[in-house]
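Engineer: Taken in order, the sequence shown gives residues 1 to 193; the numbers are from full-length UniProt numbering.
Dropping a structure here in structure tokens format, bear with me for questions.
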Amino acid sequence: MTKMRTFPITLCGAGAIGSNIAENLVRAGFATLKVIDNDRVEERNLSTQPFYRADIGAHKATILANTLYRALGVNIETSVTKLTTHNVKKLLKGSQLVIDGFDNSTARDAVSQYCKTIPCLHVGLASDYAEIIWNEEYRVPSAAQDDVCDYPLARNLVLLAVAVASEIVIAFVKDGSKRSLTVTLQDFAVHAF
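Structure representation (structure tokens):
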């Protein structure tokens, strides 16, 4: 628990994947998190993300940090910035683990390229399929797969992927193990990647 509390993790994205992973990790005992996201809460986000109507128009990272502070007293560092190839080094500096929950291939590619020497776990969705894959085995999806998690039926898959990713993160921090997994909701299966 002490190791988890002080282990520095950077979460790229505060949308469906990132916001729910942040909540899971903080509730599990992680307290050294940084969240990078420049998006604002939109009404269409409310079905899969832990935001409220009153949050519409506010920055996701800021609302997430405020909510987790009120709930658990944990201060999360935020960066309301668009991650690009020009600022990725600055934004990911000091991380011992990067979790990529971005919903676009351009940002995912910048994270993947930078994280050749930093442990990085990519968590993403495509219709009824999710993957939780370490950077060594990861390939950036095409832009056609961008932003697939803002419809109400995606929530179950989002939460299942987040639960699996959270377990993988805890195991990594505990003993350095790295498991890559895929999840399909249709057959309710979790498989080694």
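We treat Cβ as the ideally placed atom computed from N, Cα and C, and that holds for glycine.
Go through its chain and collect everything with a Cβ distance to K60's Cβ below 6 Å, but skip five positions before and after it.
Structural biologist: Closer than 6 Å at Cβ, skipping near neighbours: A14, D37, D39 and V41.
Engineer: Would the beta-carbon of A22 fall within 8 Å of that of L68?
Structural biologist: Result yes, Cβ atoms of A22 and L68 sit closer than 8 Å.
Engineer: If you run the structure through DSSP and keep just helix, strand and coil, what is A14?
Structural biologist: It is coil, neither helix nor strand.
Engineer: With distance defined between alpha-carbon atoms, name the residue in A171, L159, L97 and C115 nearest to Q49.
Structural biologist: It is L159 whose Cα lies nearest to the Cα of Q49.
Engineer: In three-state DSSP terms, what is K178?
Structural biologist: Note: K178 maps to coil in three-state DSSP.
Engineer: Could you tell me the distance, in whole angstroms, from the CA atom of F172 to the CA atom of K90?
Structural biologist: Cα to Cα, F172 sits roughly 24 Å from K90.
Engineer: Taking its Cβ as the centre, do 16 or more other Cβ atoms sit within 10 Å of E131, making it buried, or is it exposed?
Structural biologist: Per the 10 Å Cβ criterion, buried.
Engineer: Go ahead and label D100 buried or exposed: buried means 16 or more other beta carbons lie within 10 angstroms of its beta carbon, across all protein chains shown.
Structural biologist: Buried, by the Cβ-count rule.
Engineer: For the stretch 98-113 and the stretch 73-80, state whether three or more C-beta atom pairs, one from each stretch, are separated by less than 8 Å.
Structural biologist: Verdict: no, contact absent.
Engineer: Suppose only complete runs of 3+ residues qualify. What are the beta strand (DSSP E) ranges in the UniProt domain "THIF-type NAD/FAD binding fold" (2-124), listed by chain order?
Structural biologist: The qualifying runs are 9-12, 33-36, 77-79 and 97-100.
Engineer: Tell me the DSSP bridge mates of V190?
Structural biologist: In DSSP, V190 forms a bridge with V183.
Engineer: Just to confirm, is the Cβ distance from F193 to E137 under 8 Å?
Structural biologist: Yes, the pair counts as a contact, with Cβ atoms nearer than the cut-off.
Engineer: Smallest Cα separation from S177: which of A126, A161, S127 and L121?
Structural biologist: The shortest C-alpha separation from S177 is found at L121.
Engineer: For Q186, which residues in the same chain have their Cβ closer than 7 Å to its Cβ, ignoring the five residues on either side in sequence?
Structural biologist: Closer than 7 Å at Cβ, skipping near neighbours: D128.
Engineer: According to the Cβ coordinates, are T32 and T2 closer than 8 Å?
Structural biologist: No.
Engineer: In or out: R70 buried (at least 16 other Cβ within 10 Å) or exposed?
Structural biologist: Answer is exposed; the Cβ neighbour count stays below 16.
Engineer: With a threshold of 16 other CB atoms inside 10 Å of the CB of F30, please say whether the residue is buried or exposed.
Structural biologist: So F30 ends up on the buried side.
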